[in-house]
Amino acid sequence: MNAEHLPDNVRPWMGDSIGRWEGDTLFVETTNFHPGQSFRVALKHQFYVTKDAIVKEWFTRVAEQEILYRFEVNDPGAHSDKWIGELTLRATEGPIYEYACHEANYAMRGILRGARLAETSPGED
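For the sequence shown, this note's numbering gives the first residue as 278, with consecutive numbering after it.
The following block contains the structure:
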């Protein structure tokens, strides 16, 4: 939070993100995308970016169980103009499981087994 971007020669996978609060809104800016990372996946959508793209995101709580998510993609190397979008994120019931993929996804078996055991344990959450 409230940090500076990494130097231009440091390009992590999925870019370098920094955030700050703008009133009640969390603002996140991502730059310095890795040259080998040609697409970014966000909220069930994927879009293609060059290493010089700038992605800006705003997260604003608009109700107890609701967040307004807005984004802007500015990438002259891939698009003729910036493009923007927004959608509402709503809270869901139950636990949220890790969704990152890796070969064979060994962790998922353990996560699900732990959840099944917790469901059968009386009086504990």
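From the three backbone atoms N, C-alpha and C, an ideal C-beta is built for every residue, glycine too. Predicted model, so just to flag it, every value in this text is computed and none were measured.
Report task. Figure out for me which residue from 305, 303 and 331 has the closest Cα to the Cα of residue 311. Result -> One-based indexing of the sequence shown puts residue 311 at position 34. The residue with the shortest Cα to Cα distance from residue 311 is 331.
Query raised in the report: Using CA coordinates, which residue listed in 335, 340, 304 and 395 is at the minimum distance from residue 280?
Result: Here the question's residue 280 lines up with position 3 in the sequence shown. Residue 280 has its Cα closest to that of 304, out of 335, 340, 304 and 395.
**Report entry** Nearest candidate by alpha-carbon position, reference residue 291, set 278, 389, 343 and 306
**Finding:** Here the question's residue 291 lines up with position 14 in the sequence shown. Closest option to residue 291, Cα to Cα, is 306.
Query raised in the report: Could you give the distance in angstroms between the alpha-carbon of residue 348 and the alpha-carbon of residue 399?
Result: The residue you call residue 348 lines up with position 71 of the sequence shown. The residue you call residue 399 lines up with position 122 of the sequence shown. If you take the alpha carbons of residue 348 and residue 399, they lie about 44 Å apart.
Query - Neighbourhood of residue 365 by C-beta distance below 8 Å, restricted to the same chain and skipping five residues each side - result: Along the sequence shown, read from residue 1 onward, the residue named residue 365 stands at position 88. Excluding residues within five positions, the ones whose Cβ falls inside 8 Å are 339, 343, 344, 345 and 346.
Report task. Could you check what DSSP says for residue 391 in three-state terms: helix, strand or coil? Result -> The residue you call residue 391 lines up with position 114 of the sequence shown. If DSSP states are grouped into helix, strand and coil, residue 391 belongs with the helices.
Requested in this report: Work out the CA separation of residue 329 and residue 385 for me, nearest whole Å.
Outcome: In the sequence shown, the residue the question calls residue 385 occupies position 108. In the sequence shown, the residue the question calls residue 329 occupies position 52. When rounded, the distance between both Cα atoms is 35 Å.
**Report entry** Whole runs of the beta strand (DSSP E) within the segment 294 to 371, excluding any shorter than 3 residues
**Finding:** Secondary structure in the segment 294 to 371: the beta strand (DSSP E) runs of 3 residues or longer, each lying completely within the stretch, are 302 to 308, 316 to 319, 322 to 325, 331 to 340, 343 to 351 and 360 to 367 in chain order.
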